[in-house]
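Worksheet: one structure, shown below.
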C-alpha cells in the first residue's frame, strides 16, 4: 500500500483484514510462481504482430506524476487476456502525445495523481488528432480526493477538444455492459457514480474516471495487490477490474452490445446482475 | 478598317494633352501680343506659322494613334440547317388537316431545290447533332425524330464542316425551340451571319402537357418513393387536370391539380415499389379536344428498385483493432444493415464471473447460417475460426450461397485461412487463394514483419485498389500508406482469382509473391481474401501521421460495393447518351468493355443489340472496339413506348458482357414544351446581321440570303506623328518663323 502523504496511517480493522488477505495472497502467489514460473510472462502471441495486439499504452508528459500506478497497465493487459478473447501485449508501452508512434496503437491510458503544467502545442495537436482519427483514451485520476490532476486534465481537454466537452456517460451506456454487466463505475475508491466522456460522432472517444482504477488493478510481480480498495474491499476490486475489461472491450467493439440482437439477453440478465 | 479607335500615347492621356494645348495657346497669345510687325500680310504670315508650329508641337507631343480591325469581305458559302427535332410534328393550326412545322420545312426545301443557282449551299439537318443532307431529297428525307434541338452545336459543327473557311452565313429553318441555348454566343464567336426562317411562328397553341417529371432513378423495395410532376396548360382557361401514376396498365395513384391558363402547377405523387429490378412508371393526363400535342400528355420514367439497404454479416473471431475500425466503418453508413458477431471469450478464458454477470449471448449459428444466410448481400469472416462453434455443418451452405451469387470475404488474422483449418472445408473451394492444410510448416509460419504491400501487375485498374485513377499516382498513393504488419501465408491464386496486392519480398512455395489481397469469383458469386488484420493502419496510422485517413475508407467502400456488385464498379459497361428517348430517336451508345480482371478487352468484334420484351432483338450493330475496349455506335430507338435494354455480346459468344436499360416515351423532353420560339431566332438574326422570315412562304430563294464572308486581317495601328519627319516639320516651321521674324525686324 502506498500513501501519497509520506507517513503511514494507523491500520484500521479493515486494513488489518486486508493485510491478512494480502499475506495469504502472497503465499499463494509464491506457490503459483513456483509451480508455473511462466504464468505471468508473456505467452506466445497469437496475433500477426504487435499492430494486432491490444496495448495498454501509457501517456508520458512533463511534470506532475504520470506514473502513479506503474504496474496497473500490465495488470489490466493480463486480466483482459485472461478473461476475454482479446490478444494483449503484456508489457505495455509508453509514449508522449507528440510522439507519432501513438498512432500505432489506438488505446492510451493516461493516469496521474498531481497537477501538471500545460502540455505543449504538439502534444495538444497529437491528442486531438489521436482522438479524431479513431483513438480511444482512458484517463484515470489516481487522486480523487485531490483536485490537482483533475484541474489539469480538464484544462488540457478543453484546449484539445474545445468543441467536444466532457459529459457524464449515462448509466445505460455500453461501457457498463460491453462484457460484464455493471451497475456503476468503481475503482480503488467508490468515487462518483458516473464516468465522464467525450463523444465524437457516435462513439465515445475518451473516458474519464475519478475512481483510481489503476489503484485497484496495480499488483506487483509477486501477485500482491499494491493498494487496498475502499469501501467495498475485494468485491469492489473485482468490479474495478471488470470495468477495466469493459473499457478495453468497448474501445475494440464500440457499441456492439447495442446491436438489436443483444437486447433481449441483456435485459433478461440485468435483473440478476451483481450489485 | 472597322471600329477605328483613337488613343493618345502621352502619359496622362487626354488631361496631359489638354494641359499642353493650353500651354501652347498661351504661348501663341503671348507671342502675338509682342509680335512687333505692323505689316498686315507679314503679321498674318507669322501668326499662321506660329499656330502651325504650336499645332505640330502638340501633335508630336501627344502622339495620337489610330487602331482598328482590318476586315476582308468576299462572297462565302451558305449552310442551310433544317430542324429535324420532334417538335416538327406540332401542327401550325387547330384544324385536323393543318400543316405541321415539318410540313412547312419540307415545302420550303422542295421550293428551294427547284431553283437554279450558281453556287449550291451546304445542306444539313440537325437535332442533337448535325447531319449532312441533300436539298433535292430533303423533302422526302426530313423526318422529325430528333429528341433535342441544339442549335449552338449545329452552328459550330457547320462551321467545322467541308465549307471550312469559305462559310459566310448560316440559314436556320427551325421553330427556335432550342433546349440547350448558346446559339448567339457561338455565332458571334465564329463571326457568322445567321439568317432564319421561323416555323410555326404565327400559330396559336392549345395544349395540356406534362412539362416535367422528377423521380429518383433508384428506388428501394417497399419504401415510399416520390415523383414530382409539373403540368402546363397553354391556350385554355384555368382548370383542374387529373394526373395518374401508372405502372403498365395499373393505376397506382390518381389526383387532380389546378393549373392556371398559360401556367404551370406541380403535384407530388407517392408510390411504393414492391418488386426488385427495373420498373417503368408512367404519368398520364387526359387528352382534351383540340390538344395540339397529345404526345406530351404522358411521360415515362425508369426506376431501378433495389433492396433498401446493403445487408452485411460480419463474424469476427476476437475483438481486434481491424474489426473495430471495420465495424465503425460499416455502422457509419446508414444504407448498410450490419449484423455482426464477435467472439468475446473462448472456452479457455476465465471470466471470473457467473454467466448472468456477463453480457454475452450464445452464437446463433443456426439462425445465421441456416435461416437467414440468403438474405445477406455480403458475408465477412474476419479472423474467425469455425471449428470451436460446431460450424462445420454450415460451411457447405456458405459455399453454396456464394455459388448462387452471394459474396464472401475472408480477412486475415491468427484465426484465419490455414491456421483455422479452412483447407479441409468447402470454404476453400470458393476462396480465391489456396489454403495450406493445418499443421504444415507454413501454416505456423505466419509472417509478423512489417511490410509495404505493392500493387500486383495489371491490378491498378481494379476498383478495390484504384485509390486514384492515374496508375503512377495510384502506386505512389499505396507506397505512401502506413505499412501493414503480419500476413497469413497462402498459396497459389486460384482460377478466376486476381492478385491485387502482394508482399514486396516474400514468396510462396511456388515462388510467386506472397499474396496480400486477392479478388475472385466462385460460381455466380464474388469472393475476396485479405491476408492481414492490420488494414486499420491505412486509416488511423496513416491519418495520424500524414493527416489523411481516407484511403482506408475508400478501400473498404470499394470492397463492399464490388462484393455487392455495384453497377458502377462493373468491369464492362454500356452507357446510353440519355435514359429516355422518343420513338425512333437516334441513340448514341458507348461501350467500355473489360474482363473480370478489369483489363480492357482490346480490339474485339462486338454486337450491340436493343432488346424488347422477352429479349426480342429490335435493332443491332456490329462494332470493333479499340485498344482500350471502347466503342461507340448509333442505333434507332424502338417505335413503341416502354422499357428496353441494350446489351453487348462478343460476336460468336452468348454471355452478355454489359447491359443498360432505357425507356421510350411518346412525348419526351423535346415535346414537353412545344411552343415555338421565334424570339430566339429573331435575336440571333438581328445580332449577327442576318435576316429573319417568320412566314416560310415569304422566305426568298437561297441566292438572296447574304452569305458575304467577313474575315479579320488583324488589328492595324497607325502612328502618323511618330516618325522623324514629323519632328523635322516641326523644326522647319519653328525655324521658318524665327528666320522671318528676324528678317522682318520682329523680336
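Protein chains in written order, with the numbering used here: chain A, 20 to 294; chain B, 215 to 961.
Even glycine gets a Cβ: it sits at the ideal position worked out from N, Cα and C.
According to DSSP, residues forming a beta bridge with residue i
i              : result
residue 527(B) : 553(B), 593(B)
residue 669(B) : 715(B)
residue 244(A) : 238(A)
residue 129(A) : 158(A)
residue 427(B) : 443(B)
residue 831(B) : 825(B)
residue 227(A) : 158(A), 215(A)
residue 298(A) : In the structure displayed, chain A extends from 20 to 294; residue 298(A) sits before or after that span and is not available.
residue 409(B) : 385(B)
residue 467(B) : 459(B)
residue 801(B) : 849(B)
residue 345(B) : 339(B)
residue 859(B) : 825(B), 875(B)
residue 699(B) : 664(B)
residue 790(B) : 803(B)
Presumed contact (8 Å Cβ cut-off) between residue i and residue j, rounded CB distance
i              : j              : result
residue 820(B) : residue 864(B) : 6 Å
residue 83(A)  : residue 135(A) : 3 Å
residue 713(B) : residue 741(B) : Not quite, the Cβ-Cβ distance comes to about 13 Å (not below 8 Å), so this is no contact.
residue 76(A)  : residue 111(A) : 6 Å
residue 791(B) : residue 801(B) : 7 Å
residue 748(B) : residue 716(B) : Contact flag wrong, Cβ pair sits at about 16 Å.
residue 99(A)  : residue 122(A) : That belief does not hold up - the Cβ atoms of residue 99(A) and residue 122(A) are roughly 21 Å apart, past 8 Å.
residue 365(B) : residue 388(B) : 7 Å
residue 736(B) : residue 644(B) : 4 Å
residue 754(B) : residue 539(B) : 7 Å
residue 484(B) : residue 438(B) : 5 Å
residue 161(A) : residue 628(B) : About 35 Å; that fails the 8 Å criterion.
Using a Cβ-Cβ cut-off of less than 8 Å, give me the residues of the segment 206-222 of chain A that come near chain B, in sequence order.
220, 221, 222
Under 8 Å: do the segment 191-206 of chain A and the segment 255-272 of chain A share three or more Cβ pairs, one atom per stretch?
yes
If you scan the segment 267-310 of chain B from start to end, which runs of the beta strand (DSSP E) of 3 or more residues do you find wholly inside it?
278-289, 291-297
For the segment 618-629 of chain B and the segment 736-751 of chain B, state whether three or more C-beta atom pairs, one from each stretch, are separated by less than 8 Å.
yes
Chain A contacts from the segment 512-544 of chain B (Cβ-Cβ distance under 8 Å):
531, 532, 533, 534, 535, 536, 537, 538, 539, 541, 542
With a threshold of 8 Å, are at least 3 pairs of Cβ atoms found where one atom belongs to the segment 317-330 of chain B and the other to the segment 340-356 of chain B?
yes
Does the contact criterion of 3 or more C-beta pairs under 8 Å hold for the segment 493-504 of chain B versus the segment 564-571 of chain B?
no
Beta carbons nearer than 8 Å to chain A: which residues of the segment 657-675 of chain B have them?
660, 661, 662, 663, 664
Contact list for the segment 65-80 of chain A against chain B, Cβ threshold 9 Å
65, 66, 67, 68, 69, 70, 71, 72, 73
Please confirm if the segment 398-418 of chain B is in contact with the segment 884-902 of chain B, defined as three or more CB-CB distances below 8 Å between the two stretches.
yes
Any contact of the segment 84-103 of chain A with the segment 138-153 of chain A, i.e. 3+ C-beta pairs under 8 Å?
no
Listed from N- to C-terminal order along the chain, which residues in the segment 606-628 of chain B have their beta-carbon within a distance smaller than 8 Å of any beta-carbon of chain A?
626, 627, 628
Specify whether the segment 268-286 of chain B and the segment 333-344 of chain B touch according to this definition: at least 3 beta carbon pairs, one from each stretch, less than 8 Å apart.
no
Starting from the N-terminal side, write out each stretch of the beta strand (DSSP E) that is 3 residues or longer and does not extend beyond the segment 597-625 of chain B.
621-625
Tell me the start and end of each unbroken beta strand (DSSP E) in the segment 722-746 of chain B that is at least 3 residues and wholly inside, in chain order.
727-736, 739-744
Listed in chain order, which residues of the segment 699-719 of chain B have Cβ atoms closer than 8 Å to some Cβ of chain A?
699, 700, 701, 702
In the segment 148-160 of chain A, which residues sit with their C-beta less than 7 Å from some C-beta in chain B, listed in chain order?
148, 149, 152, 153, 154
How do the segment 657-677 of chain B and the segment 589-600 of chain B stand: do at least 3 beta-carbon pairs fall below 8 Å, yes or no?
no
Counting Cβ pairs closer than 8 Å, one from the segment 690-707 of chain B and one from the segment 625-640 of chain B, do we hit at least three?
yes
What runs of the alpha helix (DSSP H), each 4 residues or longer, lie entirely inside the segment 75-138 of chain A?
91-102
Below 8 Å, can you find three or more Cβ-Cβ pairs linking the segment 235-251 of chain A to the segment 201-210 of chain A?
yes
Please list the residues of the segment 732-761 of chain B that have a C-beta atom closer than 7 Å to any C-beta atom in chain A, keeping them in chain order.
746, 747, 748, 751, 753, 754, 755, 757, 758, 759
Could you please tell me which residues of the segment 558-577 of chain B, in chain order, have their CB closer than 7 Å to any CB of chain A?
558, 559, 560, 563, 564, 565, 566, 567, 570, 571, 572, 573, 575
Evaluate contact between the segment 760-778 of chain B and the segment 519-539 of chain B, counting only Cβ atoms and requiring at least three cross-stretch pairs below 8 Å.
yes
Using a Cβ-Cβ cut-off of less than 7 Å, give me the residues of the segment 266-278 of chain A that come near chain B, in sequence order.
268, 271, 272, 273, 275, 276, 278
Does the segment 306-316 of chain B come within contact of the segment 392-404 of chain B, defined as at least 3 CB pairs closer than 8 Å?
no
At which residue ranges does the segment 479-541 of chain B contain complete beta strand (DSSP E) runs of 3 or more residues, listed in the order of the chain?
491-498, 512-520, 524-530
Report the residues of the segment 362-381 of chain B with a CB closer than 7 Å to any CB of chain A, ordered along the chain.
none
Should the segment 513-533 of chain B be called in touch with the segment 546-565 of chain B, which here means at least 3 C-beta pairs below 8 Å?
yes
Under 8 Å (Cβ pairs) to chain B, residues found in the segment 186-198 of chain A
196, 197, 198
When you check each C-beta in the segment 84-117 of chain A against every C-beta of chain B, which residues fall closer than 9 Å?
98, 100, 101, 102, 103, 104, 105, 106
With 7 Å as the limit, tell me which residues of the segment 761-782 of chain B have their beta carbon closer than that to any beta carbon of chain A; keep them in chain order.
763
Any contact of the segment 937-952 of chain B with the segment 427-442 of chain B, i.e. 3+ C-beta pairs under 8 Å?
no
Considering only residues of the segment 864-935 of chain B, which uninterrupted alpha helix (DSSP H) runs meet the minimum length of 4 residues and lie entirely inside it, listed in chain order?
892-902
Answer yes if the segment 166-183 of chain A comes into contact with the segment 766-786 of chain B, meaning at least three C-beta pairs across the two stretches below 8 Å, and no otherwise.
no
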